[in-house]
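Chemist:
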Amino acid sequence: MDRASGGGVLRLLLAPGAYRGAALLRRRGSYSVGKAPDCDLALNDPAVSRRHLIVKLVPGGVELTDIGSKNGSFFQGARFRQLVIGPGAAIVIGDSQLVLSEARRAGTEPAMSREDHFGGLIGHSLVMRRLFSLLERIAAAPGAVLIEGETGTGKEVCAEALHAASPRASGPLVVCDLSGVPPALLESELFGHLRGAFTGADRDHVGAFAMAAGGTLFIDEVGELAPEIQPRLLRALERREVKPLGATRYQPVDVRVIAASNRDLFQECRTGRFRSDLYHRLAVLRVRIPPLRERRDDIPFLARHILARRARDLTPDALSLLAAHEWPGNVRELRNVLVHATSLVPPGKLIGPAQLGIDEAARPAADLPAGLDWADGSDFHLAKKQIVQSWEKSFLADLMQRSEGNVARAARKAGLDRPYLYRLLRKHGLGPAEEES
2 MDRASGGGVL RLLLAPGAYR GAALLRRRGS YSVGKAPDCD LALNDPAVSR RHLIVKLVPG
62 GVELTDIGSK NGSFFQGARF RQLVIGPGAA IVIGDSQLVL SEARRAGTEP AMSREDHFGG
122 LIGHSLVMRR LFSLLERIAA APGAVLIEGE TGTGKEVCAE ALHAASPRAS GPLVVCDLSG
182 VPPALLESEL FGHLRGAFTG ADRDHVGAFA MAAGGTLFID EVGELAPEIQ PRLLRALERR
242 EVKPLGATRY QPVDVRVIAA SNRDLFQECR TGRFRSDLYH RLAVLRVRIP PLRERRDDIP
302 FLARHILARR ARDLTPDALS LLAAHEWPGN VRELRNVLVH ATSLVPPGKL IGPAQLGIDE
362 AARPAADLPA GLDWADGSDF HLAKKQIVQS WEKSFLADLM QRSEGNVARA ARKAGLDRPY
422 LYRLLRKHGL GPAEEES
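Sequential numbering of the sequence shown, starting at 2, is according to my numbering.
#1: Hey, how far is the Cα of R240 from the Cα of Q252?
#2: Using only the alpha-carbon positions, how far apart do I230 and S344 sit?
#3: Taking 8 Å as the cut-off, decide whether the C-beta atoms of I68 and R52 are in contact.
#4: Using a threshold of 8 Å, state whether the C-beta atoms of I139 and V288 are closer than that.
#5: Considering only residues of the same chain and omitting the five flanking positions on each side of S439, which have a CB-CB separation below 6 Å?
#6: List in chain order: all unbroken beta strand (DSSP E) runs of 3+ residues lying wholly within the segment 280-331.
#7: Just checking my contact of L286 with A145 at CB under 8 Å: how many whole Å lie between their CB atoms?
#8: So that I know if they touch, is there some Cβ in chain D lying closer than 8 Å to that of L226?
#9: Between L238 and R271, how many whole angstroms is the CB-CB distance? I'm expecting something under 8 Å.
#10: Assign E405 to one of three DSSP states: helix, strand, or coil.
#11: Pull up the distance between the alpha-carbon of D368 and that of A355, whole angstroms please.
#12: With DSSP as the reference, identify every bridge partner of S97, one or two as the case may be.
#13: Tell me where the beta strand (DSSP E) around Y32 begins and ends.
#14: In terms of DSSP beta bridges, what is Q83 paired with?
#15: Cα separation between A157 and F219?
#16: Could you work out which residue in L315, G153 and A185 is closest to D349 when comparing CA atoms only?
#17: Does the Cβ-Cβ distance between L65 and V56 come in under 8 Å?
#18: Find out if the Cβ-Cβ distance for the pair G124, D265 is shorter than 8 Å.
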(Lines of atoms letter the chains of each structure in order from A and count residues from 1; the text may use other names and numbers.)
(Lines give C-alpha, C1' and ligand atoms only; values in the text may rest on other atoms or scores of the structure.)
Protein backbone atom coordinates (compact mmCIF):
# COMPACT_ATOMS: atom_id res chain seq x y z
CA MET A 1 0.00 0.00 0.00
CA ASP A 2 1.68 3.17 -1.20
CA ARG A 3 1.44 6.24 0.93
CA ALA A 4 0.91 9.70 -0.51
CA SER A 5 3.79 11.34 1.33
CA GLY A 6 7.43 10.65 1.98
CA GLY A 7 7.87 7.97 -0.67
CA GLY A 8 7.01 5.28 1.91
CA VAL A 9 5.31 1.92 1.61
CA LEU A 10 3.42 0.37 4.52
CA ARG A 11 4.16 -3.29 5.20
CA LEU A 12 2.85 -5.60 7.86
CA LEU A 13 5.91 -7.47 9.11
CA LEU A 14 6.61 -10.34 11.46
CA ALA A 15 8.43 -9.12 14.58
CA PRO A 16 11.11 -8.77 15.76
CA GLY A 17 11.86 -6.84 12.61
CA ALA A 18 12.56 -9.70 10.16
CA TYR A 19 10.91 -9.17 6.80
CA ARG A 20 9.86 -12.60 5.63
CA GLY A 21 8.19 -12.24 2.24
CA ALA A 22 5.04 -10.49 3.44
CA ALA A 23 4.97 -7.37 1.27
CA LEU A 24 1.32 -6.57 1.88
CA LEU A 25 -0.71 -3.43 1.47
CA ARG A 26 -0.12 -2.17 -2.04
CA ARG A 27 -3.03 -0.48 -3.83
CA ARG A 28 -5.96 -2.90 -3.99
CA GLY A 29 -8.60 -2.91 -1.28
CA SER A 30 -8.14 -5.54 1.44
CA TYR A 31 -5.76 -8.31 2.51
CA SER A 32 -6.27 -11.48 4.50
CA VAL A 33 -4.04 -12.65 7.35
CA GLY A 34 -4.13 -16.18 8.74
CA LYS A 35 -2.50 -19.58 8.54
CA ALA A 36 -4.36 -20.70 5.42
CA PRO A 37 -1.90 -21.01 2.52
CA ASP A 38 -3.99 -18.76 0.28
CA CYS A 39 -3.97 -15.81 2.71
CA ASP A 40 -2.12 -12.70 1.54
CA LEU A 41 -0.02 -13.01 4.68
CA ALA A 42 0.16 -16.71 5.60
CA LEU A 43 1.59 -17.32 9.09
CA ASN A 44 3.05 -20.61 10.28
CA ASP A 45 1.52 -20.19 13.74
CA PRO A 46 -0.83 -22.88 15.19
CA ALA A 47 -2.44 -20.28 17.49
CA VAL A 48 -3.57 -18.18 14.51
CA SER A 49 -6.91 -18.95 12.85
CA ARG A 50 -7.03 -19.98 9.21
CA ARG A 51 -8.54 -16.61 8.38
CA HIS A 52 -7.75 -14.31 11.28
CA LEU A 53 -7.66 -10.69 10.11
CA ILE A 54 -8.71 -8.46 7.26
CA VAL A 55 -6.35 -5.55 6.61
CA LYS A 56 -7.47 -2.48 4.66
CA LEU A 57 -5.93 0.88 3.74
CA VAL A 58 -7.96 3.80 5.10
CA PRO A 59 -7.24 7.54 5.48
CA GLY A 60 -4.77 7.98 8.32
CA GLY A 61 -3.50 4.43 8.50
CA VAL A 62 -4.55 0.80 8.21
CA GLU A 63 -7.82 -0.70 9.40
CA LEU A 64 -7.62 -4.14 11.02
CA THR A 65 -10.71 -6.30 11.46
CA ASP A 66 -10.73 -9.56 13.42
CA ILE A 67 -13.03 -11.92 11.52
CA GLY A 68 -14.07 -14.16 14.38
CA SER A 69 -10.69 -15.66 15.22
CA LYS A 70 -10.53 -18.29 17.94
CA ASN A 71 -7.74 -16.75 20.05
CA GLY A 72 -8.39 -13.09 19.32
CA SER A 73 -6.33 -10.09 18.19
CA PHE A 74 -4.66 -7.71 20.64
CA PHE A 75 -3.33 -4.16 20.63
CA GLN A 76 -1.47 -2.80 23.68
CA GLY A 77 -2.72 -5.81 25.67
CA ALA A 78 -6.41 -5.24 24.87
CA ARG A 79 -8.46 -7.47 22.57
CA PHE A 80 -10.02 -5.71 19.60
CA ARG A 81 -12.50 -6.48 16.86
CA GLN A 82 -11.65 -3.50 14.68
CA LEU A 83 -9.19 -0.61 14.94
CA VAL A 84 -7.01 1.72 12.87
CA ILE A 85 -3.24 1.81 13.41
CA GLY A 86 -0.36 3.82 11.96
CA PRO A 87 3.34 3.10 11.21
CA GLY A 88 5.26 1.69 14.17
CA ALA A 89 2.21 0.16 15.86
CA ALA A 90 2.33 -3.51 16.83
CA ILE A 91 -0.47 -6.05 17.23
CA VAL A 92 -0.49 -9.62 18.52
CA ILE A 93 -2.35 -12.55 16.98
CA GLY A 94 -1.71 -16.04 18.32
CA ASP A 95 1.98 -16.26 19.22
CA SER A 96 3.02 -13.78 16.53
CA GLN A 97 3.63 -10.06 16.74
CA LEU A 98 2.95 -8.00 13.61
CA VAL A 99 4.37 -4.52 13.13
CA LEU A 100 3.13 -1.93 10.64
CA SER A 101 6.39 -0.75 9.14
CA GLU A 102 7.08 2.18 6.85
CA ALA A 103 9.51 0.98 4.19
CA ARG A 104 10.80 3.02 1.26
CA ARG A 105 10.25 2.86 -2.46
CA ALA A 106 13.18 1.76 -4.58
CA GLY A 107 15.52 4.64 -5.26
CA THR A 108 14.70 6.57 -2.08
CA GLU A 109 16.68 6.85 1.13
CA PRO A 110 15.39 6.21 4.66
CA ALA A 111 14.69 9.34 6.69
CA MET A 112 17.91 10.74 8.11
CA SER A 113 18.42 13.48 10.67
CA ARG A 114 20.56 16.49 9.78
CA GLU A 115 21.94 16.47 13.33
CA ASP A 116 24.95 14.57 14.65
CA HIS A 117 23.33 14.16 18.06
CA PHE A 118 20.02 13.56 19.78
CA GLY A 119 20.31 14.79 23.32
CA GLY A 120 23.36 13.06 24.77
CA LEU A 121 23.56 10.45 22.00
CA ILE A 122 26.42 11.34 19.64
CA GLY A 123 27.24 10.09 16.14
CA HIS A 124 27.56 11.23 12.55
CA SER A 125 27.37 7.81 10.87
CA LEU A 126 24.42 7.00 8.63
CA VAL A 127 23.06 4.42 11.07
CA MET A 128 23.03 6.95 13.93
CA ARG A 129 21.52 9.77 11.89
CA ARG A 130 18.73 7.41 10.87
CA LEU A 131 18.30 6.48 14.51
CA PHE A 132 18.09 10.17 15.47
CA SER A 133 15.37 10.69 12.86
CA LEU A 134 13.39 7.80 14.37
CA LEU A 135 13.88 9.14 17.91
CA GLU A 136 12.67 12.58 16.88
CA ARG A 137 9.37 11.00 15.80
CA ILE A 138 9.12 8.70 18.82
CA ALA A 139 9.67 11.60 21.24
CA ALA A 140 6.48 13.25 20.03
CA ALA A 141 4.38 10.07 20.25
CA PRO A 142 2.50 9.17 23.45
CA GLY A 143 3.06 5.38 23.54
CA ALA A 144 5.37 3.28 25.70
CA VAL A 145 8.90 2.78 24.35
CA LEU A 146 11.22 -0.21 24.59
CA ILE A 147 14.91 0.60 24.07
CA GLU A 148 17.05 -2.40 23.21
CA GLY A 149 20.82 -2.52 23.07
CA GLU A 150 23.95 -4.02 24.56
CA THR A 151 25.50 -2.88 27.81
CA GLY A 152 27.04 0.57 27.49
CA THR A 153 25.34 1.65 24.27
CA GLY A 154 23.54 4.56 25.95
CA LYS A 155 20.02 3.35 26.71
CA GLU A 156 19.57 5.67 29.70
CA VAL A 157 20.99 8.59 27.71
CA CYS A 158 18.46 7.75 24.99
CA ALA A 159 15.60 7.75 27.52
CA GLU A 160 16.72 11.13 28.89
CA ALA A 161 16.80 12.56 25.37
CA LEU A 162 13.34 11.19 24.52
CA HIS A 163 11.92 12.75 27.68
CA ALA A 164 13.59 16.12 27.02
CA ALA A 165 12.20 16.22 23.46
CA SER A 166 8.70 15.07 24.44
CA PRO A 167 5.59 17.06 25.40
CA ARG A 168 6.25 15.82 28.97
CA ALA A 169 9.63 17.57 29.23
CA SER A 170 8.36 19.95 31.91
CA GLY A 171 7.44 16.97 34.12
CA PRO A 172 9.82 14.75 36.10
CA LEU A 173 12.01 12.01 34.68
CA VAL A 174 12.26 9.21 37.24
CA VAL A 175 14.82 6.44 36.75
CA CYS A 176 14.12 3.01 38.23
CA ASP A 177 17.05 0.63 37.68
CA LEU A 178 15.70 -2.83 38.45
CA SER A 179 19.14 -4.44 38.37
CA GLY A 180 20.18 -2.38 41.39
CA VAL A 181 17.11 -3.18 43.53
CA PRO A 182 16.89 -6.28 45.76
CA PRO A 183 14.12 -8.60 44.44
CA ALA A 184 12.13 -8.29 47.66
CA LEU A 185 11.89 -4.52 47.23
CA LEU A 186 11.07 -4.33 43.51
CA GLU A 187 7.32 -4.03 44.05
CA SER A 188 7.77 -1.28 46.62
CA GLU A 189 10.25 0.52 44.36
CA LEU A 190 7.75 0.63 41.49
CA PHE A 191 4.44 1.10 43.30
CA GLY A 192 5.36 2.32 46.80
CA HIS A 193 4.22 1.09 50.20
CA LEU A 194 2.43 2.28 53.32
CA ARG A 195 3.89 2.23 56.77
CA GLY A 196 3.51 -1.23 58.30
CA ALA A 197 2.98 -2.96 54.95
CA PHE A 198 5.82 -5.36 55.77
CA THR A 199 8.55 -5.87 58.35
CA GLY A 200 10.84 -2.86 58.32
CA ALA A 201 8.34 -0.52 56.60
CA ASP A 202 8.50 2.17 59.30
CA ARG A 203 7.30 4.97 57.00
CA ASP A 204 5.36 5.50 53.79
CA HIS A 205 7.34 5.21 50.56
CA VAL A 206 6.30 6.85 47.28
CA GLY A 207 6.87 4.51 44.34
CA ALA A 208 8.47 5.37 41.02
CA PHE A 209 5.12 5.54 39.18
CA ALA A 210 3.73 8.15 41.58
CA MET A 211 7.01 10.11 41.59
CA ALA A 212 6.90 10.32 37.77
CA ALA A 213 3.34 11.73 37.65
CA GLY A 214 3.00 14.09 34.71
CA GLY A 215 6.36 13.03 33.30
CA THR A 216 8.32 9.96 32.26
CA LEU A 217 9.25 6.78 34.12
CA PHE A 218 12.38 5.07 32.80
CA ILE A 219 12.51 1.42 33.87
CA ASP A 220 16.04 0.18 33.22
CA GLU A 221 16.81 -3.54 32.88
CA VAL A 222 13.12 -4.41 32.80
CA GLY A 223 14.11 -7.97 31.88
CA GLU A 224 15.20 -8.43 35.51
CA LEU A 225 11.62 -8.07 36.73
CA ALA A 226 10.52 -11.15 38.69
CA PRO A 227 7.69 -13.19 37.08
CA GLU A 228 5.39 -12.66 40.05
CA ILE A 229 5.62 -8.86 39.69
CA GLN A 230 5.18 -8.73 35.92
CA PRO A 231 1.35 -8.91 36.11
CA ARG A 232 1.30 -5.84 38.38
CA LEU A 233 3.42 -3.86 35.96
CA LEU A 234 1.16 -4.96 33.11
CA ARG A 235 -1.91 -3.74 35.01
CA ALA A 236 -0.25 -0.41 35.75
CA LEU A 237 0.45 0.06 32.05
CA GLU A 238 -2.99 -1.02 30.86
CA ARG A 239 -5.17 0.59 33.55
CA ARG A 240 -2.88 3.53 34.32
CA GLU A 241 -3.30 2.94 38.03
CA VAL A 242 -1.18 1.50 40.84
CA LYS A 243 -1.78 0.25 44.37
CA PRO A 244 1.01 0.71 46.94
CA LEU A 245 1.77 -2.26 49.18
CA GLY A 246 -0.55 -2.14 52.18
CA ALA A 247 -3.11 0.07 50.42
CA THR A 248 -6.71 -0.98 49.72
CA ARG A 249 -7.37 1.23 46.70
CA TYR A 250 -5.73 1.83 43.35
CA GLN A 251 -4.66 5.35 42.50
CA PRO A 252 -4.51 6.78 38.95
CA VAL A 253 -1.11 7.67 37.48
CA ASP A 254 -0.30 9.76 34.42
CA VAL A 255 3.12 8.68 33.17
CA ARG A 256 4.82 7.68 29.95
CA VAL A 257 6.89 4.54 30.44
CA ILE A 258 10.20 4.03 28.68
CA ALA A 259 11.78 0.64 29.38
CA ALA A 260 15.20 -0.71 28.46
CA SER A 261 16.91 -4.06 28.42
CA ASN A 262 20.17 -5.56 27.18
CA ARG A 263 18.38 -8.90 26.85
CA ASP A 264 16.41 -10.05 23.82
CA LEU A 265 12.98 -9.80 25.46
CA PHE A 266 11.22 -11.26 22.43
CA GLN A 267 13.32 -14.41 22.90
CA GLU A 268 12.69 -14.27 26.67
CA CYS A 269 8.97 -14.43 25.88
CA ARG A 270 9.46 -17.51 23.73
CA THR A 271 11.22 -19.29 26.60
CA GLY A 272 8.58 -18.22 29.13
CA ARG A 273 10.86 -16.03 31.24
CA PHE A 274 9.02 -12.83 30.31
CA ARG A 275 5.30 -12.35 29.77
CA SER A 276 4.47 -11.83 26.12
CA ASP A 277 1.52 -9.53 26.91
CA LEU A 278 3.80 -7.32 29.01
CA TYR A 279 6.42 -7.30 26.26
CA HIS A 280 3.87 -6.20 23.67
CA ARG A 281 2.56 -3.50 26.02
CA LEU A 282 6.07 -2.14 26.59
CA ALA A 283 7.09 -2.42 22.93
CA VAL A 284 4.43 -0.17 21.42
CA LEU A 285 7.41 1.76 20.04
CA ARG A 286 10.74 -0.02 19.76
CA VAL A 287 14.22 1.28 19.13
CA ARG A 288 17.57 -0.49 18.99
CA ILE A 289 20.82 1.35 19.73
CA PRO A 290 23.61 -0.21 17.67
CA PRO A 291 26.86 -1.32 19.35
CA LEU A 292 30.09 0.50 18.51
CA ARG A 293 31.34 -2.33 16.33
CA GLU A 294 28.43 -1.61 13.96
CA ARG A 295 29.38 2.07 13.65
CA ARG A 296 33.15 2.17 13.78
CA ASP A 297 33.31 5.41 11.80
CA ASP A 298 31.80 7.12 14.86
CA ILE A 299 34.63 6.05 17.18
CA PRO A 300 37.16 8.84 16.36
CA PHE A 301 34.30 11.37 16.48
CA LEU A 302 33.15 10.10 19.87
CA ALA A 303 36.68 9.93 21.25
CA ARG A 304 37.46 13.52 20.35
CA HIS A 305 34.12 14.66 21.74
CA ILE A 306 34.88 12.94 25.07
CA LEU A 307 38.42 14.35 25.24
CA ALA A 308 37.48 17.89 24.15
CA ARG A 309 36.12 18.59 27.65
CA ARG A 310 39.52 17.69 29.05
CA ALA A 311 41.49 19.65 26.42
CA ARG A 312 43.21 16.48 25.25
CA ASP A 313 43.70 14.74 21.91
CA LEU A 314 45.03 11.47 20.50
CA THR A 315 47.81 10.47 18.17
CA PRO A 316 46.81 8.97 14.79
CA ASP A 317 48.03 5.56 15.99
CA ALA A 318 45.84 5.80 19.07
CA LEU A 319 42.81 6.69 16.95
CA SER A 320 43.49 3.69 14.70
CA LEU A 321 43.74 1.42 17.72
CA LEU A 322 40.42 2.70 19.09
CA ALA A 323 38.69 2.15 15.76
CA ALA A 324 39.99 -1.45 15.53
CA HIS A 325 38.97 -2.47 19.08
CA GLU A 326 35.81 -4.56 19.56
CA TRP A 327 34.44 -2.50 22.52
CA PRO A 328 32.32 -5.12 24.29
CA GLY A 329 31.37 -2.35 26.76
CA ASN A 330 30.55 0.06 23.93
CA VAL A 331 30.47 3.85 24.55
CA ARG A 332 30.72 3.43 28.31
CA GLU A 333 33.91 1.39 27.96
CA LEU A 334 35.33 3.86 25.44
CA ARG A 335 34.70 6.75 27.83
CA ASN A 336 36.26 4.93 30.78
CA VAL A 337 39.39 4.04 28.78
CA LEU A 338 39.83 7.63 27.60
CA VAL A 339 39.21 9.19 31.01
CA HIS A 340 41.76 6.88 32.57
CA ALA A 341 44.25 7.57 29.79
CA THR A 342 44.14 11.29 30.53
CA SER A 343 45.46 10.56 34.03
CA LEU A 344 48.56 8.96 32.53
CA VAL A 345 49.53 11.82 30.20
CA PRO A 346 50.71 15.30 31.28
CA PRO A 347 48.61 18.25 30.06
CA GLY A 348 49.56 19.38 26.58
CA LYS A 349 50.71 15.95 25.40
CA LEU A 350 48.86 13.67 23.01
CA ILE A 351 47.48 10.33 24.21
CA GLY A 352 49.21 7.45 22.44
CA PRO A 353 48.42 3.74 22.10
CA ALA A 354 50.46 2.85 25.20
CA GLN A 355 48.22 4.90 27.50
CA LEU A 356 44.97 3.32 26.30
CA GLY A 357 45.62 -0.07 27.92
CA ILE A 358 43.89 -2.01 25.15
CA ASP A 359 46.79 -2.92 22.84
CA GLU A 360 49.15 -5.87 23.01
CA ALA A 361 52.37 -3.87 22.82
CA ALA A 362 54.44 -3.12 25.89
CA ARG A 363 54.68 0.51 26.85
CA PRO A 364 57.98 2.31 26.48
CA ALA A 365 59.79 2.90 29.75
CA ALA A 366 59.08 6.65 29.58
CA ASP A 367 55.34 5.92 29.78
CA LEU A 368 55.45 3.47 32.68
CA PRO A 369 53.17 4.14 35.64
CA ALA A 370 54.88 5.53 38.71
CA GLY A 371 56.50 2.88 40.93
CA LEU A 372 57.31 0.48 38.09
CA ASP A 373 61.01 0.21 37.35
CA TRP A 374 63.41 -2.55 36.51
CA ALA A 375 67.00 -2.97 35.44
CA ASP A 376 68.01 -3.32 31.79
CA GLY A 377 67.60 -6.87 30.55
CA SER A 378 64.45 -7.66 32.57
CA ASP A 379 62.23 -10.36 31.11
CA PHE A 380 59.84 -8.86 28.53
CA HIS A 381 56.81 -10.94 29.49
CA LEU A 382 57.25 -10.27 33.19
CA ALA A 383 57.55 -6.53 32.53
CA LYS A 384 54.44 -6.55 30.37
CA LYS A 385 52.47 -8.46 33.01
CA GLN A 386 53.47 -5.90 35.66
CA ILE A 387 52.31 -3.00 33.49
CA VAL A 388 48.97 -4.58 32.69
CA GLN A 389 48.34 -5.52 36.31
CA SER A 390 49.23 -2.02 37.50
CA TRP A 391 46.90 -0.38 34.97
CA GLU A 392 44.12 -2.85 35.78
CA LYS A 393 44.34 -2.21 39.52
CA SER A 394 44.45 1.55 39.04
CA PHE A 395 41.44 1.45 36.73
CA LEU A 396 39.42 -0.72 39.15
CA ALA A 397 40.30 1.42 42.17
CA ASP A 398 39.17 4.55 40.34
CA LEU A 399 36.02 2.77 39.10
CA MET A 400 35.00 1.66 42.60
CA GLN A 401 35.63 5.12 44.01
CA ARG A 402 33.40 6.72 41.37
CA SER A 403 30.76 4.04 42.02
CA GLU A 404 30.88 4.62 45.79
CA GLY A 405 31.76 0.96 46.35
CA ASN A 406 28.60 -0.32 44.65
CA VAL A 407 29.71 -3.31 42.57
CA ALA A 408 26.51 -3.51 40.50
CA ARG A 409 26.82 0.16 39.59
CA ALA A 410 30.54 -0.25 38.84
CA ALA A 411 29.84 -3.19 36.53
CA ARG A 412 27.33 -1.10 34.58
CA LYS A 413 29.73 1.85 34.33
CA ALA A 414 32.60 -0.32 33.06
CA GLY A 415 30.50 -2.48 30.75
CA LEU A 416 31.52 -5.65 32.58
CA ASP A 417 29.55 -8.65 33.76
CA ARG A 418 29.19 -8.50 37.52
CA PRO A 419 30.75 -11.96 38.20
CA TYR A 420 33.80 -11.03 36.11
CA LEU A 421 34.18 -7.72 37.96
CA TYR A 422 34.05 -9.59 41.28
CA ARG A 423 36.88 -11.84 40.10
CA LEU A 424 38.99 -8.84 39.10
CA LEU A 425 38.35 -7.08 42.41
CA ARG A 426 39.31 -10.20 44.39
CA LYS A 427 42.41 -10.60 42.25
CA HIS A 428 43.61 -7.12 43.20
CA GLY A 429 42.32 -7.13 46.78
CA LEU A 430 39.90 -4.28 46.08
CA GLY A 431 36.47 -5.77 46.59
CA PRO A 432 34.26 -8.03 48.73
CA ALA A 433 35.33 -11.63 49.18
CA GLU A 434 32.11 -12.97 47.68
CA GLU A 435 29.33 -11.83 45.42
CA GLU A 436 26.27 -10.07 46.77
CA SER A 437 23.20 -12.28 46.91
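Think of the CB as a built atom: it goes at the ideal place given N, C-alpha and C, for glycine as much as any other residue.
Predicted model only: the values in this text are computed from it and were never measured.
Modeler: For this structure:
#1: 10 Å
#2: 45 Å
#3: yes
#4: yes
#5: For the chain, the structure presents residues 2 to 438; residue 439 sits outside this window and is missing.
#6: 286-289
#7: 7 Å
#8: Protein chains in the displayed structure number just one, and chain D is not present.
#9: Not quite, the Cβ-Cβ distance comes to about 21 Å (not below 8 Å), so this is no contact.
#10: coil
#11: Bear in mind that a pLDDT of 42 at D368, under 50, signals an unreliable position, so the model cannot answer this.
#12: I94
#13: S31 to G35
#14: T66
#15: The sequence shown places Glu at residue 157, not Ala. E157 and F219: Cα-Cα distance of roughly 8 Å.
#16: In the sequence under discussion, the amino acid at residue 349 is Gly, which differs from the Asp named in the question. Of L315, G153 and A185, the residue nearest in Cα terms is L315.
#17: yes
#18: no
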